[in-house]
Ligand code: SAH
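Numbering (my numbering), first residue to last: 1374 to 1577.
Rendered as structure tokens:
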């Protein structure tokens, strides 16, 4: 997966490549599709949700520029795979999921592979996690019409947010760096994520 899908498309952060070699993606997909766990695509994980394509996980992670000391917030736990990759690269990861069954399942995977620096929360991630803020990095793994204001507030000055912003069925991946309370935005690859549903996202 790393050598055929990530390196040829330009993923070059050696720590990201190493993390994606080491996190067992097959543990995070349903048993019925375990044979395709490392395939070059997003896949269904139940509850109408998906695990992102490996390349999308890699580029989003690379854009966060993690060095190892960071506290990171993920919105949209889903399968838990992205959170597991982040946990291999940062000090502490908080991940929020609105569907309790997915959160519980992901948390059991984190325990199974001994990741004790991920904290799984259930709730509306568009509100962030004020009790654990501020964060060095925030990643939203669902599509949003706009960057939710509470998340901007909970990002440290100098912190980085990676988020797919756009229409319901097509978005652009944005890397936003917070400087003096404004966001400096860089536009990256087009993408398609399931919707972020919540107070500062889409209505159910
Ligand atoms: N990061 C995941 C993929 C996530 S798919 C992985 O690695 O597998 C997007 C997830 O966002 C879905 O599970 C969906 O239920 C969740 N979601 C959507 N809106 C949300 C919200 N407001 N708060 C938290 N989670 C949300």
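Positions of the beta carbon are idealized from the N, C-alpha and C atoms, including for glycine.
In this structure, residue 1460 sits away from residue 1505, with a CB-CB distance that is not shorter than 8 Å. About 5 Å separates the beta carbon of residue 1547 from that of residue 1558, a gap short enough to meet the 8 Å contact definition. Within a 10 Å sphere around the beta-carbon of residue 1393 sit 16 or more other beta-carbons, which makes this residue buried. For residue 1457, the enclosing alpha helix (DSSP H) begins and ends at 1454 to 1460.
Taking every protein chain shown into account, the CB of residue 1509 has 16 or more other CB atoms within 10 angstroms, so this residue is buried. The alpha carbon of residue 1533 has as its nearest neighbour, out of 1423, 1485, 1569 and 1440, the alpha carbon of 1440. A straight-line Cα-Cα distance of about 33 Å links residue 1498 and residue 1377.
Taking each of 1538, 1517, 1404 and 1383 in turn and checking the Cα distance to residue 1573, the smallest one comes out for 1517. Listed in chain order, the alpha helix (DSSP H) runs fully inside the region 1465 to 1495 are 1473 to 1485, counting runs of at least 4 residues. Following the DSSP letters along the chain, one finds residue 1556 inside the beta strand (DSSP E) bounded by residues 1555 to 1564. Bounds of the alpha helix (DSSP H) holding residue 1523 are 1522 to 1526. Ranked by Cα distance from residue 1423, the first of 1434, 1388, 1549 and 1451 is 1451. Here residue 1569 is not near residue 1493, since their CB atoms are 8 Å or more apart.
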